[in-house]
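A quick write-up on the structure given underneath.
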Amino acid sequence: MDPSQLTALILAGGQSQRMGTDKALLPLGGVPLIQHLGTLAQGCCGTVAVVTPWGDRYQPWLPAGCQLWPEAPAPWASNHRSSGPLWGFAQGLGRVTTPWVLLLACDLPRLNAATLQGWLPQLSHLPPNTLALLPPHPKGWDPLCGFYHRRCQESLGEFLRDGGRSFQPWLRHPPLLSQVAPLTVTDRTVLWNCNTPEDWQTLTAIDQEQHSPRS
-11 MDPSQLTALI LAGGQSQRMG TDKALLPLGG VPLIQHLGTL AQGCCGTVAV VTPWGDRYQP
49 WLPAGCQLWP EAPAPWASNH RSSGPLWGFA QGLGRVTTPW VLLLACDLPR LNAATLQGWL
109 PQLSHLPPNT LALLPPHPKG WDPLCGFYHR RCQESLGEFL RDGGRSFQPW LRHPPLLSQV
169 APLTVTDRTV LWNCNTPEDW QTLTAIDQEQ HSPRS
């Protein structure tokens, strides 16, 4: 797919309560996760934007050309809680002008350039009415590392106005239910995200083992 037809939205609106520190700024290979993902996305998308209420926090770490799109608070959210990733996606989607969106959570340390490039051809072989291309998950779909067509904005807006708040119920909501296609993922470790200090310790321990000198 031509990169000009694809916008990447990186969601960085959570409060990282279980982690105890901002997940987007955790160091991976000497750079914050948010920078790592921005650089990856720029390799396949013509536009890359971080959707967040805290632009000043992330601005110093973003690669050149990566945009910041402000996330306004949801009507139901107080000043002390996150509006949720579905709301952040809706805020970003409203500014997208390309046909397709690559949606990424800010805490995907295993995602890599080869994987993203390998996924892109799948977009060219979809039925014309497809609204999303997502990895299957035991709960339904893995919504925070996949592709959405801009046409899903209407369905998303209706779902939010009816009181919907989270991805899985929306993805099961007609007419979207019949218009989500499975993204073929050969290595599901790329979908692994970090939510707790224990998750991060596991990741760093694995990386140290993989890069340690062999006797």
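Take the sequence shown: its position 155, counted from the start at 1, is 143 in the working numbering, and no numbers get skipped.
Virtual Cβ for every residue (Gly too), placed ideally from N, Cα, C.
Count the other CB atoms, across all protein chains shown, that sit within 10 Å of the CB of Leu165; report buried if there are 16 or more and exposed otherwise.
Locating residue 165 in the sequence shown gives position 177, where the first residue counts as 1. It counts as exposed.
If I measure Cβ to Cβ from Asp175 and keep anything under 8 Å in the same chain, skipping five residues before and after, which residues do I get?
As a working note, residue 175 is residue 187 in the sequence shown. Cβ contact annotation for Asp175 (same chain, cutoff 8 Å, sequence separation greater than five): Thr103, in chain order.
Leaving aside the five residues before and after Gly31 along the sequence, list all residues of the same chain whose C-beta is less than 6 Å from its C-beta, in chain order.
Taking the first residue of the sequence shown as position 1, residue 31 is located at position 43. Around Gly31: Ala101.
Is it true that the CB of Gly1 sits closer than 8 Å to the CB of Thr35?
The count along the sequence shown starts at 1 and reaches residue 35 at position 47. The count along the sequence shown starts at 1 and reaches residue 1 at position 13. No; because the gap between Cβ atoms is not below 8 Å, this pair is not in contact.
Put His113 into one of helix, strand or coil per three-state DSSP.
By 1-based counting over the sequence shown, the position of residue 113 is 125. Coil at His113, not helix or strand.
Does the segment 110 to 122 come into contact with the segment 6 to 26, if we say contact requires no fewer than three beta-carbon pairs (one atom in each stretch) closer than 8 Å?
Contact between the segment 110 to 122 and the segment 6 to 26 is not established, with fewer than three Cβ pairs separated by less than 8 Å.
Where in the segment 53 to 134 do unbroken runs of the alpha helix (DSSP H), each at least 4 residues long, occur, reported from the N-terminal end onward?
List check, alpha helix (DSSP H) in window: 73 to 81, 101 to 111.
Given a threshold of 16 other Cβ atoms within 10 Å of its Cβ, counted over all protein chains shown, does Ala60 qualify as buried or as exposed?
For the purposes of this step, residue 60 is taken as residue 72 along the sequence shown, with counting starting at 1. The C-beta of Ala60 has fewer than 16 other C-beta atoms within 10 Å across all chains shown, which makes the residue exposed.
Residues near Gln141 in its chain [Cβ-Cβ closer than 6 Å; skip 5 each side]:
If you number the sequence shown from 1, residue 141 lands on position 153. Correct list, in chain order: Leu81.
For Val38, which option in Leu(-3), Gly53, Leu74 has the closest C-alpha, if you only look at C-alpha atoms?
Position 50 of the sequence shown, counted from the start, is the residue given in the question as residue 38. In terms of CA proximity to Val38, Leu(-3) leads the group Leu(-3), Gly53, Leu74.
What is the DSSP secondary structure of Pro(-9), counted as helix, strand or coil?
Reading the sequence shown from its first residue, position 3 is the one you call residue -9. In the structure shown, Pro(-9) sits in a helix (DSSP, three-state: H, G or I).
Quick check: the segment 45 to 61 against the segment 131 to 150, are there 3 or more CB pairs under 8 Å?
Contact fails: fewer than three Cβ-Cβ distances are below 8 Å.
If you draw a straight line from the C-alpha of His68 to the C-alpha of Pro87, how long is it?
If you number the sequence shown from 1, residue 68 lands on position 80. If you number the sequence shown from 1, residue 87 lands on position 99. Bear in mind that the predicted position of His68 carries a pLDDT of just 48, short of 50, making it unreliable; the figure below should be weighed with that in mind. When the Cα atoms are used, His68 and Pro87 turn out to be separated by approximately 34 Å.
Got a sec? Which residues, its chain only, sit under 6 Å from Ala169 by beta carbon, not counting five neighbours each side?
Taking the first residue of the sequence shown as 1, we reach residue 169 at position 181. Cβ within range, chain order: Leu114, Thr118, Leu121.
How big is the Cα-Cα spacing for Asp205 and Ala65?
A question about residue 205 goes unanswered here, because the residues of the chain that appear run from -11 up to 203.
Is the Cβ-Cβ distance between Met7 and Pro162 less than 8 Å?
Residue mapping note: residue 7 aligns to position 19 of the sequence shown, counting from 1. Residue mapping note: residue 162 aligns to position 174 of the sequence shown, counting from 1. No, the Cβ-Cβ distance between Met7 and Pro162 is not below 8 Å.
Where Trp129 and Ser154 are concerned, what is the direct C-alpha to C-alpha distance, given to the nearest angstrom?
In the sequence shown, the residue the question calls residue 129 occupies position 141. In the sequence shown, the residue the question calls residue 154 occupies position 166. If you take the alpha carbons of Trp129 and Ser154, they lie about 12 Å apart.
Alpha carbon to alpha carbon, how far is Asp150 from Asp187? Give it in angstroms, no decimals.
The residue labelled residue 187 in the question sits at position 199 within the sequence shown. The residue labelled residue 150 in the question sits at position 162 within the sequence shown. Asp187 and Asp150 have their C-alpha atoms spaced approximately 35 Å apart.
Short Cβ contact (8 Å threshold) for Leu171 with Gln110:
Taking the first residue of the sequence shown as position 1, residue 171 is located at position 183. Taking the first residue of the sequence shown as position 1, residue 110 is located at position 122. Yes, the pair counts as a contact, with Cβ atoms nearer than the cut-off.
Three-way DSSP call (helix, strand, coil) for Leu171 in this model:
For this step, residue 171 is matched to residue 183 along the sequence shown. Three-state DSSP puts Leu171 in coil, outside helix and strand.
Report the partner residues of Val38 according to the DSSP bridge assignment.
Position 50 of the sequence shown, counted from the first residue, corresponds to residue 38. Answer by DSSP bridge pairing, in chain order: Ile(-2), Leu56.
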